[in-house]
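Residues in the sequence shown are numbered consecutively from 63, following our numbering.
Okay, structure first, notes after.
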Amino acid sequence: MADITAGMVKALREKTDAPMMECKKALTEADGDLAKAEELLRVKLGNKASKAASRVTAEGIVTAVIEGKVGVLVEINCETDFVAKNDDFLQFTKQVAELIAFQDPASVEVLQGLPLDGKTVDEVRAALVGKIGENLAIRRFVRYATKAKLASYVHGTRIGVLVEYDATDEQIGRDIAMHVAASKPITVSKDQVPAERIEAERKVFTAQAAESGKPAEIVAKMVEGRVSKYLAEVALLGQPFVKNPDETVEKMLKAKNAKVMRFALYVVGEGIEKRSDDFAAEVAAQVAAAQSSDEKSTIMPPG
Numbered sequence: 063m064a065d066i067t068a069g070m071v072k073a074l075r076e077k078t079d080a081p082m083m084e085c086k087k088a089l090t091e092a093d094g095d096l097a098k099a100e101e102l103l104r105v106k107l108g109n110k111a112s113k114a115a116s117r118v119t120a121e122g123i124v125t126a127v128i129e130g131k132v133g134v135l136v137e138i139n140c141e142t143d144f145v146a147k148n149d150d151f152l153q154f155t156k157q158v159a160e161l162i163a164f165q166d167p168a169s170v171e172v173l174q175g176l177p178l179d180g181k182t183v184d185e186v187r188a189a190l191v192g193k194i195g196e197n198l199a200i201r202r203f204v205r206y207a208t209k210a211k212l213a214s215y216v217h218g219t220r221i222g223v224l225v226e227y228d229a230t231d232e233q234i235g236r237d238i239a240m241h242v243a244a245s246k247p248i249t250v251s252k253d254q255v256p257a258e259r260i261e262a263e264r265k266v267f268t269a270q271a272a273e274s275g276k277p278a279e280i281v282a283k284m285v286e287g288r289v290s291k292y293l294a295e296v297a298l299l300g301q302p303f304v305k306n307p308d309e310t311v312e313k314m315l316k317a318k319n320a321k322v323m324r325f326a327l328y329v330v331g332e333g334i335e336k337r338s339d340d341f342a343a344e345v346a347a348q349v350a351a352a353q354s355s356d357e358k359s360t361i362m363p364p365g
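Here it is as structure tokens:
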């Protein structure tokens, strides 16, 4: 009986995307033979699950769930927008969001190990990969637990917002969530904008202003003016309120005696580099591979 190591299980999982326990069982049955174990898993899970983990998941959906004083926003990715509409996929995302709300996992890795329908979340995900035929990945989530109020807004399935706020009128929370989805601020107030982002913008503005040929003191004022405008554009409170552009969000909140503590904004696939396939090149490569295989079979003597 071969000694099944963690490295062997990891290697098989990377090739098949099967759950770890299934990989270990297959390796045990195959007496440590990786190729044979892969074949056993493909028979069990189907070819659809094979090597799915290497494929880019830039599509998917954002789901929001509010359970009492707990709110969750989660992004789960797939490979195509077609699968993003699949009922099984949608049900999985809803179950995952509810699980996060009640179990409060510390990370995606912890979430993957939580029980779901008699299996772990990751085992359910892997089984869904085999059924649907696309790679699926839980990318990120945020969970707010608060004594204040929560509101969410999901635009279609691709843009999701979760807001923690304090106001007597709950419509304000919904309005702010819709505003964030439309205007995409990065922080609540300008003093929360990361210093490195401000510095990066300042460098760009400085280079642009320097080309004007104006005196240094004028250039400095131009740069600071543009930085101030940038901060107003990216901070929620400084933005024109979408329902009344004549006033800022900050003025609207003060008039309503309301406050926004924090928000989360997810856009599906944001920051993920999508693969751009050259179909003609792919077909040509497959033809070349097939020809090479035929040539080898012709040259090699029968064994």
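Each residue gets a CB set at the ideal place from its N, CA and C atoms; glycine is no exception.
With DSSP collapsed to three states, give me the class of residue i.
i	result
residue 65	coil
residue 269	helix
residue 110	Note on residue 110: pLDDT 45, under 50, position unreliable in the model; no value is reported.
residue 312	helix
residue 80	coil
residue 280	helix
residue 149	helix
residue 176	coil
residue 122	strand
residue 249	strand
residue 329	strand
residue 144	coil
residue 91	helix
residue 186	helix
residue 235	helix
residue 304	coil
residue 297	strand
residue 275	coil
One question on the structure: do residue i and residue j come within less than 9 angstroms of each other, judged by their Cβ atoms?
i	j	result
residue 160	residue 127	yes
residue 213	residue 198	no
residue 165	residue 179	no
residue 154	residue 187	yes
residue 175	residue 327	no
residue 88	residue 74	yes
residue 375	residue 329	Outside the displayed range of the chain (63 to 365) lies residue 375, so it cannot be described from this structure.
residue 216	residue 125	yes
residue 84	residue 185	yes
So is the beta-carbon of residue i under 8 angstroms away from any non-hydrogen atom of the ligand HEM?
i	result
residue 235	With respect to small molecules bound, the structure shown includes none, and the ligand HEM cannot be examined in it.
Which whole-angstrom value is the C-beta distance of residue i and residue j, which I expect to be below 8 angstroms?
i	j	result
residue 139	residue 333	In fact, because the Cβ distance is near 11 angstroms, the residues do not count as touching under 8 angstroms.
residue 149	residue 194	Contact flag wrong, Cβ pair sits at about 11 angstroms.
residue 196	residue 141	4 angstroms
residue 96	residue 70	7 angstroms
**OP:** Give a yes or no on contact between the region 125 to 143 and the region 198 to 205, applying the rule of three or more CB pairs nearer than 8 angstroms.
**Re:** yes
Original post:
Touch check for the region 301 to 315 and the region 184 to 203: three-plus C-beta pairs under 8 angstroms?
Top reply: no
**OP:** Decide if the region 233 to 253 is in contact with the region 284 to 297; the criterion is three or more beta carbon pairs, one per stretch, under 8 angstroms apart.
**Re:** yes
Original post:
If you pair each beta-carbon of the region 266 to 280 with each one of the region 318 to 334, do three or more pairs fall below 8 angstroms?
Top reply: no
**OP:** Mind listing, in chain order, the continuous beta strand (DSSP E) runs of no fewer than 3 residues lying wholly within the region 196 to 228?
**Re:** 199 to 207, 211 to 217 and 221 to 228
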